[in-house]
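Trainee: Mind looking over this structure? Questions follow.
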Amino acid sequence: MQKLREKLMQGVFLFSACVSILAIILICVFLFANGVPAMAEIGFFKFLLGREWRPANDVYGILPMVLGSVYVTAGAIVLGVPVGILSAVFLARFCPKWLHKILRPMVELLAGIPSVIYGFFGLVVLLPFVRQTFGGNGSSILTASVLLAIMILPTIITVSESVIRAVPESYYEGALALGTTHERSVFFVVLPAAKPGILAGVVLGIGRAIGETMAVIMVAGNQARMPAGLLKGVRTLTANIVLEMGYAADLHREALIATGVVLFVFILFINLLVSVLRRREK
Amino acid sequence: MKKSLFKSLRAYRHQPLSLFLKLLVWLSIALTVGAFVLLVGYVLVMGVPHLSLDFFSLTYTSDNVSLFPALVNTLSITALALVIAVPLGIFAAIYLVEYAKRGNKLVALVRTTAETLSGIPSIVYGLFGLLFFVTTLGWGYSLLAGAFTLAIMILPLIMRTTEEALKAVPDSFREGSFGLGAGKLRTIFRIVLPSAVPGILAGVILAVGRIVGETAALIYTAGTVAAIPDGIFSSGRTLSVHMYTLANEGLHVGKAYATAVVLIIMVVGINALSGFLAKKITKT
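Quick mapping for you: the protein sequence lines, in order, are chains Y and P. To convert a position in the first sequence, counted from 1, into my numbering, add 49. To convert a position in the second sequence, counted from 1, into my numbering, add 2.
Here it is as C-alpha cells:
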C-alpha cells in the first residue's frame, strides 16, 4: 500500500514535469498547423517579402511589419542598452548601500508595471512630447523605441548587475593594485569579464522588445505600410495580430496566425542565442 | 558635504577618463530613476483625483465605467490560473529536484522547454489560447480559457522559483527524516515542502503580478465583456484589459488614469509581499 502510493505520486510528479514539454508541443502544433497552410497558399516568399498588406484585396505581405518590429526593437536597443548596462554598473560598483536599498526595489517595480500602463504613459506623455519637439503626429518609430527602451531597462539592469557582481573580487583588486582608479578597473577589467553574461541579458531584452504588444500598439501608429522614417508610424508583428484578429476570417485569419508563427520563430531563435551565450559564460 | 564633493572631484584632476566614466554612470542611473519617477509620479498625480466612489460601483455602465467587475474578473482568473499552475509547477519542481537522477536527459529537456516557454511573448500565448481553448475545445471567450492560457504562461516561473526553494533546503533535513524511518513521499510533504514554503510563495506572488498585468494574452481568450461573470464559462475583462479599452476608446481618460493607479498600487503590494517573503528565506 505504502509502496503503491510512493509509485503513484512519483508518476504524478513525472507527469507534472512533462506538462511543460506537452505545452510547447501543443503550442507548436496549433500555431504551425493553422499558420503554415496559409503561408503555402499565399506563397512563402510572397508572404515574408511582400511589401503590401491589404486584407480586403487578399494581399498579404508582412515585410512592413517585420521591418517595423526590427526598427522599433533596434531603436530600443540603441537607447536602452547603454543606459541599462551603465545603471547596472552603478548598482553593482558605485552605489552606496543605503541607496541600493531604494534603487533595487525600484528596478523590480519597473519590471512589474503592466505594459498597458507603459503604453498609456507613452500615449499621454511621450507622444505629445515627440509631436511638439520633433513634429509629425507623434505616433512613430521614435516614440515606440523610447518607450520600449524604458521597458527593457529592468531586464538588462537585473541580468547585468548579477553578472557584474559575479566577477571575482580579485580581478577588481588586482587592477587597483596596479595603480588604476576605481572607474578604470571597473570598466576595463570587471566589465570585459562580465561581457558574455551581459550579452545574454541584452538578447533577453531584445526578445522582450520584439514580443511587446500592448505598449507598442498605443504609440506606434500601426499603419500597415513600409516604414518611412523615424517620425512616421509603423506596425509591428505583434500589433498586426491584436489589431485584426478580432474581425478576421478565413485566409485573413490564417495569415494573422502565420504572422504569429513568424514571431514565434523569431523568439525561438533569440532563445537559442540566449542559451548559447549562457553556456559560454559557464 | 559640499567641501567633500569638491575634494572628491579634485582627486580626478589627472584622471579625466575616470571622471568621465563616473559621470556617465551617474547620468545613466539618473535617467533610469527619472524614467521611473516620471512614469509612476505622473500616473499617480493625474490618477488619484479621479478615484471616485462611483468608479467602484457594483455594476458597469458606459457612464461610470466601473472597474468593480474587472476587479472581480481579475481575482477569478488569478485564482483559476493559480489552481491549475501552482500544483503542476510545484510537482514538476519536486520531480526535478527530488527524484530525477543527475544527468537525466528528461531533466535537461524539461529545463530547455521551461526556458523556451518563459521567453514566448504573451501575444503568442493569446493566439494559442484562441486556437486551442477557445476554438478547438469550444470554450468560447471565457474566464476558463483565459485562466488556462495564463496558467501555461506562469508555469515556468513557478517551476523555477520552487526548484530554487527546494534546492535551498539542506540535505540534512532529508537525511534526518529518512533516518527516523520516514518514506520519500512523507519526507517531501512533511519536511522539505514546509521549509521551502516562503520561497515557493514568493514565486507564486510574482506569478500573480504577471497575471494582473497581462493584457495581450487575454483579449482573445477571456474577452472584453465588462460584467461580473456568471461562471467560469462567461467572458470577462481583467483590470489591465479594462485599462486598455478605456485608454483606447479615449472617452474616459480620467478613469484610465484611475485604473492605472489601482494597478500600480496592486503591483507595489505584490512586489513588496514577494520581496518580504524572499528576504525571509535568506535569513533562515
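Here a beta-carbon is modelled for each residue, glycine too, at the ideal position from N, C-alpha and C. This structure is a prediction, so every number in the text was calculated from the model and none was measured.
(1) For the region 251-280 of chain Y, which segments carrying the alpha helix (DSSP H) assignment without a break, of at least 4 residues, lie completely within its bounds, in sequence order?
(2) Quick one: is Y/A82 buried, meaning 16 or more other Cβ sit within 10 Å of its Cβ, or exposed?
(3) Whose Cβ in chain Y lies nearer than 7 Å to the Cβ of P/F38?
(4) Using a Cβ-Cβ cutoff of less than 8 Å, which residues in the same chain neighbour P/V136 once the five nearest sequence positions on both sides are dropped?
(5) Taking any Cβ of chain Y, which residues in the region 179-206 of chain P have a Cβ under 8 Å from it, in chain order?
(6) What three-state label does DSSP hand P/Y1 in the structure shown?
(7) To the nearest angstrom, how far is the alpha carbon of Y/V310 from that of Y/P276?
(8) Could you give the residue range of the alpha helix (DSSP H) that holds Y/C144?
(9) Return yes when the Cβ of Y/L322 is within less than 9 Å of the Cβ of Y/V252, no when it is not.
(10) For Y/V108, which of helix, strand or coil comes out of DSSP?
(11) Using C-beta distances below 8 Å, list every residue in its chain close to P/A184, excluding the 5 sequence neighbours before and after it, in chain order.
(12) Going along chain Y, which residues have a C-beta under 9 Å from P/W141?
(13) Could you tell me the distance, in whole angstroms, from the CA atom of Y/L225 to the CA atom of Y/E218?
(14) Leaving out five residues on either side along the sequence, give the residues of the same chain with a beta carbon under 7 Å from the beta carbon of P/S276.
(15) Residues of chain P with CB under 8 Å from Y/N320, in chain order?
(16) Counting only runs of 3+ residues fully inside the region 141-188 of chain Y, write out the beta strand (DSSP E) ranges in chain order.
(17) Against chain P, does Y/I166 count as a neighbour if the rule is that its beta carbon must be under 9 Å from one of theirs?
(18) Alpha carbon to alpha carbon, how far is Y/F170 from Y/T182? Give it in angstroms, no decimals.
(19) Looking only at its own chain, which residues have a Cβ that is under 6 Å from the Cβ of Y/G84, when we skip the five neighbours before and after it?
(20) Taking the CB atoms as reference points, tell me whether Y/V283 and Y/A304 lie closer together than 9 Å.
(21) From the DSSP secondary-structure annotation, give me the bridge partner or partners of Y/V283.
(22) Going by C-alpha distance, which of Y/P177, Y/G246 and Y/T230 is nearest P/L21?
(23) Ends of the alpha helix (DSSP H) at Y/H231?
(24) Grab the span of the alpha helix (DSSP H) containing Y/T192 for me, first residue to last.
(25) Apply the 10 Å Cβ neighbour rule to Y/M200 and answer buried if 16 or more other Cβ atoms are within range, or exposed otherwise.
(26) Should Y/S194 and Y/V130 be called a contact, given that it needs their Cβ atoms to be closer than 9 Å?
(27) Could you please tell me which residues of the region 67-95 of chain Y, in chain order, have their CB closer than 8 Å to any CB of chain P?
(28) Put Y/R329 into one of helix, strand or coil per three-state DSSP.
(29) Short of 6 Å in beta carbon distance, which residues of its chain neighbour Y/M294, apart from the five on each side in sequence? Order them along the chain.
(30) Skipping 5 residues on each side, what residues in its chain have a beta carbon closer than 6 Å to that of Y/G254?
(31) According to the neighbour-count rule (16 or more other Cβ atoms, all chains shown, within 10 Å of its Cβ), is Y/I151 buried or exposed?
(32) Would you identify the three-state DSSP class for Y/R103, choosing helix, strand or coil?
(33) Roughly how many angstroms separate the alpha carbons of Y/G168 and P/Y101, rounded to a whole number?
(34) Between the region 255-273 of chain P and the region 41-55 of chain P, do three or more beta carbon pairs fall short of 8 Å?
(35) Please work out which residues of its chain come closer than 8 Å, Cβ to Cβ, to P/M3, disregarding the five sequence neighbours upstream and downstream, and give them in chain order.
(36) Can you tell which of Y/E222, Y/R180, Y/E261 and Y/A298 has its C-alpha closest to the C-alpha of P/Y127?
Mentor: Put simply:
(1) The region 251-280 of chain Y contains these whole alpha helix (DSSP H) runs: 263-268.
(2) Here residue 82 of chain Y refers to the residue found at position 33 of the first sequence. Exposed, by the Cβ-count rule.
(3) Indexing the second sequence from 1 puts residue 38 of chain P at position 36. Listed along chain Y are M155 and L159, each with a C-beta nearer than 7 Å to that of P/F38.
(4) As a working note, residue 136 of chain P is residue 134 in the second sequence. Closer than 8 Å at the Cβ level, and outside the excluded window around P/V136, lie G142, Y143, S144, A147, Y222 and T223.
(5) Cβ proximity to chain Y below 8 Å picks out G185, K186 and L187 from the region 179-206 of chain P.
(6) Beyond the ends of chain P as shown, which are 3 and 286, falls residue 1 of chain P; an answer cannot be given.
(7) To locate residue 310 of chain Y, count along the first sequence from 1; it is residue 261. To locate residue 276 of chain Y, count along the first sequence from 1; it is residue 227. Going by the C-alpha atoms only, they are around 22 Å apart.
(8) On the first sequence, residue 144 of chain Y is found 95 positions in, with the first residue counted as 1. Per DSSP, Y/C144 is not a residue of any alpha helix (DSSP H), being assigned neither H nor E.
(9) Looking up residue 252 of chain Y in the first sequence gives position 203. Looking up residue 322 of chain Y in the first sequence gives position 273. Contact flag set, yes.
(10) Translated into the one-based positions of the first sequence, residue 108 of chain Y becomes position 59. Judged by DSSP in its simplified three-state form, Y/V108 adopts strand.
(11) As a first step, residue 184 of chain P is located in the second sequence; it is residue number 182 there, counting from the start. Cβ within range, chain order: R192 and I193.
(12) The residue you call residue 141 of chain P lines up with position 139 of the second sequence. The contacting residues do not exist; P/W141 stays about 14 Å from chain Y at best.
(13) The residue given as residue 225 of chain Y occupies position 176 in the first sequence. The residue given as residue 218 of chain Y occupies position 169 in the first sequence. Cα-Cα distance, rounded: 11 Å.
(14) Looking up residue 276 of chain P in the second sequence gives position 274. Contacts found: A204, I207 and L208.
(15) To locate residue 320 of chain Y, count along the first sequence from 1; it is residue 271. Simply E117, T118 and G121.
(16) Whole beta strand (DSSP E) segments, 3+ residues: zero.
(17) For this step, residue 166 of chain Y is matched to residue 117 along the first sequence. Chain P places a beta carbon closer than 9 Å to that of Y/I166, counting this residue as a contact.
(18) Here residue 182 of chain Y refers to the residue found at position 133 when the first sequence is read from its first residue. Here residue 170 of chain Y refers to the residue found at position 121 when the first sequence is read from its first residue. Across the structure, Y/T182 and Y/F170 are spaced so that their CA atoms are roughly 17 Å apart.
(19) Along the first sequence, read from residue 1 onward, the residue named residue 84 of chain Y stands at position 35. In its chain, beyond the 5 residues on either side, I306, A307 and V310 have a beta carbon closer than 6 Å to the beta carbon of Y/G84.
(20) Your numbering for residue 283 of chain Y matches position 234 in the first sequence. Your numbering for residue 304 of chain Y matches position 255 in the first sequence. Not closer than 9 Å, so no.
(21) For this step, residue 283 of chain Y is matched to residue 234 along the first sequence. Its beta-bridge partners are Y/G270.
(22) As a first step, residue 21 of chain P must be located in the second sequence, where it is residue number 19. Residue Y/T230 is the option with its Cα nearest to P/L21.
(23) The count along the first sequence starts at 1 and reaches residue 231 of chain Y at position 182. Taken as a continuous stretch (DSSP letters only), the alpha helix (DSSP H) holding Y/H231 covers H231 to S234.
(24) Position 143 of the first sequence, counting from 1, holds the residue named residue 192 of chain Y. Boundaries of the alpha helix (DSSP H) around Y/T192: I190 to A215.
(25) On the first sequence, position 151 is the one that residue 200 of chain Y refers to. Answer is buried; the Cβ neighbour count reaches 16.
(26) Here the question's residue 194 of chain Y lines up with position 145 in the first sequence. Here the question's residue 130 of chain Y lines up with position 81 in the first sequence. No, the pair does not count as a contact, with Cβ atoms beyond the cut-off.
(27) Cβ contacts with chain P come from C67, V68, S69, I70, A72, I73, L75, I76, F79, L80 and N83.
(28) For this step, residue 329 of chain Y is matched to residue 280 along the first sequence. DSSP places Y/R329 in the helix class (H, G or I) of the three-state scheme.
(29) What you label residue 294 of chain Y is simply residue 245 of the first sequence in a count that begins at 1. Excluding sequence neighbours, Y/M294 sits near L305.
(30) As a first step, residue 254 of chain Y must be located in the first sequence, where it is residue number 205. Closer than 6 Å at the Cβ level, and outside the excluded window around Y/G254, lie I201, T204 and I205.
(31) If you number the first sequence from 1, residue 151 of chain Y lands on position 102. It counts as exposed.
(32) The count along the first sequence starts at 1 and reaches residue 103 of chain Y at position 54. Strand at Y/R103.
(33) Within the first sequence, numbered from 1, the residue matching residue 168 of chain Y stands at position 119. Within the second sequence, numbered from 1, the residue matching residue 101 of chain P stands at position 99. Spanning the alpha carbons of Y/G168 and P/Y101 requires a straight line of approximately 44 Å.
(34) Enough Cβ pairs lie closer than 8 Å, so yes.
(35) On the second sequence, position 1 is the one that residue 3 of chain P refers to. Because the pLDDT of P/M3 is 44, which lies under 50, any placement of that residue in the model is unreliable, and the number read from its coordinates should be weighed accordingly. In its chain, beyond the 5 residues on either side, no residue has a beta carbon closer than 8 Å to the beta carbon of P/M3.
(36) Translated into the one-based positions of the second sequence, residue 127 of chain P becomes position 125. It is Y/E261 whose Cα lies nearest to the Cα of P/Y127.
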